[in-house]
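J.: This is the structure I have questions about; it appears just below.
There are 2 protein chains.
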Amino acid sequence: MSPDSTSLNTPEALAPADADAMVAETAARARAAAPALARAKPADKTRALRSAADAVRAQAAVILTANDKDMAEAEAKGLSGSMLDRLKLDDARLESVSQGLEAVADLADPVGRIQADWTRPNGLVIQRIAVPLGVIGVVYESRPNVTADAGGLALKAGNCVILRGGSESAHSSAAIVDALRTGIAAAGLPADAIQRAPTQDRQYVGAMLRAHGLIDVMVPRGGKSLVGRVLEEARMPVIGHLEGLCHVYVDGAADIDKARAIAVNAKMRRTGVCGAAETLLVDRAIADTALSPLLDDLIAAGCAIRGCPEVQAADARVTAASEEDWTTEYLDAILSVRVVDGMTGALDHIARYGSGHTDAIVTEDRNAAARFTAEVDSAIVIVNASTQYADGGEFGFGAEIGISTDKFHARGPVGADQLTSYKYVIAGDGQTRP
Amino acid sequence: MSPDSTSLNTPEALAPADADAMVAETAARARAAAPALARAKPADKTRALRSAADAVRAQAAVILTANDKDMAEAEAKGLSGSMLDRLKLDDARLESVSQGLEAVADLADPVGRIQADWTRPNGLVIQRIAVPLGVIGVVYESRPNVTADAGGLALKAGNCVILRGGSESAHSSAAIVDALRTGIAAAGLPADAIQRAPTQDRQYVGAMLRAHGLIDVMVPRGGKSLVGRVLEEARMPVIGHLEGLCHVYVDGAADIDKARAIAVNAKMRRTGVCGAAETLLVDRAIADTALSPLLDDLIAAGCAIRGCPEVQAADARVTAASEEDWTTEYLDAILSVRVVDGMTGALDHIARYGSGHTDAIVTEDRNAAARFTAEVDSAIVIVNASTQYADGGEFGFGAEIGISTDKFHARGPVGADQLTSYKYVIAGDGQTRP
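Protein sequence lines, in the order shown, are assigned to chains A and B. Take any residue in the first sequence, count from 1 to its spot, add 114: that is its number in my numbering. Take any residue in the second sequence, count from 1 to its spot, add 114: that is its number in my numbering.
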């Protein structure tokens, strides 16, 4: 998930009231379909998702032609190479979209699961049972594959979804949604389980955010400006991650070989993902021996280093880190590196500058690991592994609709389980309350 | 929980900027105390809650004197008898405040609980561990006992809390908070785990609602106007219930004796609670035999009945129900009664007019019960028992801070468990992501 502010920069044409009416109409169709989705048996949803995967395969030619159109328009607009790459579909990428839907189809069904049950002294049996959230709005960047991931996860959890992808991917997303709907309908569930925004007008997003009571939850997926706007304007709950300012702390008791491999992987495997490390903290106790090999590996891998004075002193290729560097999510081959006073220094730095996303410690000391995992207040805290494991797929969630840095409702990777609520069902035998 | 809009009607005196500064100062103290609360061992919190209960007992004279002051001011202002009764403290009520704190002390500690754990094929062990939410703001009506319930539950879940009770109970609440803080500090935890609004100025509530990033969650507890204002203005997540428009559906396969006892209890045990029934639905299949005894019992218990034409025809004492009656939370000894076309008619009525709080079916037919519990989309769905079991204490939660009709984060009674979030802790052995 990386920035894509251009998605919201299409010219304003719709009047707000017209946008409100369009959202109301789409949401009404979703709400009409919602009870059938909520009641759908696990096997019905599995079949629908497999059928949707097949429909994407069957309509590959149509989808790729639509993608060609998006690509031509994007090139004419002068979009950057990395944005064009994210937009691009081909046979292999489309096959992985279908396989993603099949992976979600094979997940355990989260709906109807009895999360807890107990019997009260008066004989009442109370069960807490997972239920769908309802109608979910997803606003996302111009990555056509997100269309299928978000649609598939929402359906798996018995929800209806309204998808509003970035304008650059409008043709591709529309073609994919058409295929998903065809597949779902062929399997006997309502096609309106998955709908797309009927317009790319930016007013439509504003109207979605105002649609309290029609859309139950909004999920923004994309850059900081998009997520910030949704958090600011939404009149309904939001599941959104703001940023991933992830740290790797190399403790005094670290295995240096592990530390070197983890630091390079956490930063350089993919620099544009939210789980990429942005700051490396090194315990002063081992700075003398650990700093040079860590910096050598990172620089050899193509990473630019911005460091505190002690890090600069260790390697002439390091430039000076400013205060701003400690709060910057580079999403690029740049790493800030700082020597800290042991565990307390690391915890203080992370508490002050971190974003509560994912932070890792490298240590062979179980007590140090226990203190770090207890005291770092982040969605994901990792011992002796790369921060790039911050990913729904890597958690075994099949896919993810995003990674939440919020503590409310869902924290960390948001998969199908996180798109559910629950109800209490109480079975009695005539009990009245004294 | 019943309406108390007067709490917000104190004159405006503080400038908004001054109110913001006061909230910032209070929240800063809470945030400074939060790490110690989050780290506190279960035994520390149990001891602190027992110590707080003892401090309430030790300071009973001071608290009752403060309450006398509130009562005198409230009487001078001409408050209604029921409001005076809710405000009033005496030795017995104060002892039950202490016992409530001890009940919360004895609950299982929700923090640190491993909610799920699994091992990935690459050897990573993932644990999902409950953590506190952080700093909770509670805005509530003039019921002094809520001060201790809300403070105790928040502390049990490792949170810090800022309590803003209704202005009529200002002296009582301040004295209770002082006692709680004394008890907590005596047990070695930070007194700032529980703070109260340093002013009763209504601008303070507005400033709390703007304090995004300082207060993590707001919990409004009270009438519709208070909860509505908080939902409208809060810039942070809110756990709040809007209203309890609860139904009892007497199915064609009901045991009539159970139905009679449940209908009277659901409506009349206490009419002012959110779990009180507001509408009785009777299956046409048994209306001929069931309606008369049901109406007789209710009217004998002092309940006024507003009914559809068929209900009016069954008993001359029934007045006509208007469309508005089906959406009215009376919180009084009034019940709307309607004859419906079996299960489908009941489900349609509840979907159209219900508030998603608590609904009950009376039936001896297991299939009917299963359909009703599956299809009614409410926080609590009850078979063959009174809707008045919608209560955290009755669920075994020790106490409750409210009942949520939202599907996001917490639904139903909000106890200590519902005031937590979670983090993922991943243990590796040097894994890097391919």
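Positions of the beta carbon are idealized from the N, C-alpha and C atoms, including for glycine.
Tell me, please, whether the segment 274-284 of chain A touches the segment 306-318 of chain A by the rule of three or more beta-carbon pairs shorter than 8 Å.
T.: Yes, they touch.
J.: Return the chain-ordered list of same chain residues with a C-beta closer than 8 Å to the C-beta of B:E189, the five sequence neighbours on each side being excluded.
T.: Excluding sequence neighbours, B:E189 sits near L198.
J.: Please name the residue, chosen from B:V497, B:V528, B:S500, B:R161, that lies closest to B:F511 on a Cα-to-Cα basis.
T.: Nearest of B:V497, B:V528, B:S500, B:R161 to B:F511, Cα basis: B:V528.
J.: Taking the alpha-carbon positions, what's the A:M332 to A:Y318 distance?
T.: Between A:M332 and A:Y318, the C-alpha separation is close to 13 Å.
J.: Compare the C-beta of B:N481 against all C-beta atoms of chain A and say whether one is closer than 7 Å.
T.: Not closer than 7 Å to any Cβ of chain A, the Cβ of B:N481 fails to qualify, so no.
J.: In three-state terms, what does DSSP make of A:Y503?
T.: A:Y503 falls in the helix class under three-state DSSP.
J.: Which of helix, strand or coil does DSSP assign to B:V490?
T.: B:V490 falls in the coil class under three-state DSSP.
J.: Round the Cβ separation of A:K381 and A:C422 to the nearest angstrom and send it over; I've been treating them as touching at under 8 Å.
T.: At roughly 17 Å, the Cβ-Cβ gap does not stay under 8 Å, so A:K381 and A:C422 are not in contact.
J.: Pick out whichever of B:L412, B:A428, B:I370, B:L356 has its Cα sitting closest to the Cα of B:T441.
T.: With distances taken between Cα atoms, B:T441 lies closest to B:L356.
J.: Under three-state DSSP, which class holds A:T403?
T.: It is helical.
J.: In terms of residues, what are the limits of the alpha helix (DSSP H) holding B:T140?
T.: Here the alpha helix (DSSP H) through B:T140 covers 130-153.
J.: Is B:H285 helix, strand or coil by DSSP?
T.: Here B:H285 sits in helix by DSSP.
J.: Leaving aside the five residues before and after B:T487 along the sequence, list all residues of the same chain whose C-beta is less than 6 Å from its C-beta, in chain order.
T.: V495.
J.: List, from N- to C-terminal side, the alpha helix (DSSP H) runs of 4 residues or more that fit wholly inside the segment 236-297 of chain A.
T.: DSSP runs (the alpha helix (DSSP H)) wholly in the segment 236-297 of chain A: 258-270.
J.: Note down, in chain order, every chain A residue with its Cβ under 8 Å from the Cβ of B:V495.
T.: Result: K537, Y538, V539, I540.
J.: Could you give the DSSP three-state label for A:L533: helix, strand or coil?
T.: Note: A:L533 maps to helix in three-state DSSP.
J.: Going by Cα to Cα distance, which pick from B:L461, B:R349, B:S339 is closest to B:D330?
T.: Of the candidates B:L461, B:R349, B:S339, the one whose C-alpha sits nearest the C-alpha of B:D330 is B:R349.
J.: Indicate whether B:G470 and B:R335 have their beta-carbon atoms separated by less than 7 Å.
T.: Going by C-beta atoms, B:G470 is not nearer than 7 Å to B:R335.
J.: Does the count of Cβ pairs from the segment 360-369 of chain B and the segment 459-476 of chain B closer than 8 Å reach three?
T.: Taking 8 Å as the limit for Cβ pairs, the verdict is that the segment 459-476 of chain B does touch the segment 360-369 of chain B.
J.: Can you give the beta carbon distance from A:V249 to A:A127, rounded, assuming they're within the 8 Å contact cut?
T.: With 8 Å as the limit, A:V249 and A:A127 do not qualify as a contact, their Cβ atoms being about 25 Å apart.
J.: When the cut-off is 7 Å and only beta carbons count, does A:R547 lie next to chain B?
T.: Yes, because at least one Cβ of chain B sits closer than 7 Å to the Cβ of A:R547.
J.: In the DSSP assignment, find the unbroken beta strand (DSSP E) run with B:G421 in it and report its ends.
T.: Start and end: 418-421.
J.: Just to confirm, is the Cβ distance from A:G180 to A:S281 under 7 Å?
T.: The residue asked about is misnamed: residue 180 of chain A is Ala in this sequence, not Gly. No. Outside cutoff.
J.: Below 9 Å between beta carbons is the criterion; list the residues of the segment 508-519 of chain B that meet it against any residue of chain A, in chain order.
T.: For the segment 508-519 of chain B, which is checked against every Cβ of chain A, the residues closer than 9 Å are E508, F509, G510.
J.: DSSP on B:A465, reduced to helix/strand/coil?
T.: If DSSP states are grouped into helix, strand and coil, B:A465 belongs with the helices.
J.: I want to see whether chain A comes within less than 7 Å of B:F522, judged by CB atoms only; does it?
T.: For B:F522, the answer is yes, since a Cβ of chain A falls inside 7 Å of its Cβ.
J.: Since A:A190 is in the alpha helix (DSSP H), which residue starts that stretch and which ends it?
T.: Here the alpha helix (DSSP H) through A:A190 covers 174-191.
J.: Let me check understanding here. Comparing Cα to Cα, which of A:A135, A:V170, A:A148, A:I243 lies closest to A:D531?
T.: Ranking A:A135, A:V170, A:A148, A:I243 by Cα distance to A:D531 puts A:I243 first.
J.: Using the Cβ count rule (16 or more neighbours within 10 Å means buried), how would you classify B:D205?
T.: Exposed, since its Cβ has fewer than 16 Cβ neighbours within 10 Å.
J.: Tell me whether the segment 163-174 of chain A and the segment 296-305 of chain A touch, counting them as touching only if at least three CB pairs, one residue from each stretch, are closer than 8 Å.
T.: They touch, by the three-pair rule.
J.: Are any of the Cβ atoms in chain A nearer than 7 Å to that of B:A530?
T.: Not closer than 7 Å to any Cβ of chain A, the Cβ of B:A530 fails to qualify, so no.
J.: Which one of A:R145, A:T472, A:V344 has the shortest CA to CA distance from A:N273?
T.: Ranking the options by Cα distance to A:N273, first place goes to A:R145.
J.: Hey, is A:Y444's beta-carbon within less than 7 Å of any beta-carbon in chain B?
T.: Chain B, which has no Cβ nearer than 7 Å to the Cβ of A:Y444, makes this no.
J.: Report the three-state DSSP secondary structure of B:M457 (helix, strand or coil).
T.: Three-state DSSP puts B:M457 in a helix.
J.: Can you name the residues of chain A whose CB is closer than 7 Å to the CB of B:R207?
T.: By Cβ distance, chain A contributes nothing, its closest Cβ being about 19 Å from B:R207, past 7 Å.
J.: Take the Cβ of A:P351 as the centre, count every other Cβ of all protein chains shown within 10 Å, and call the residue buried at 16 or more, exposed below.
T.: Per the 10 Å Cβ criterion, buried.
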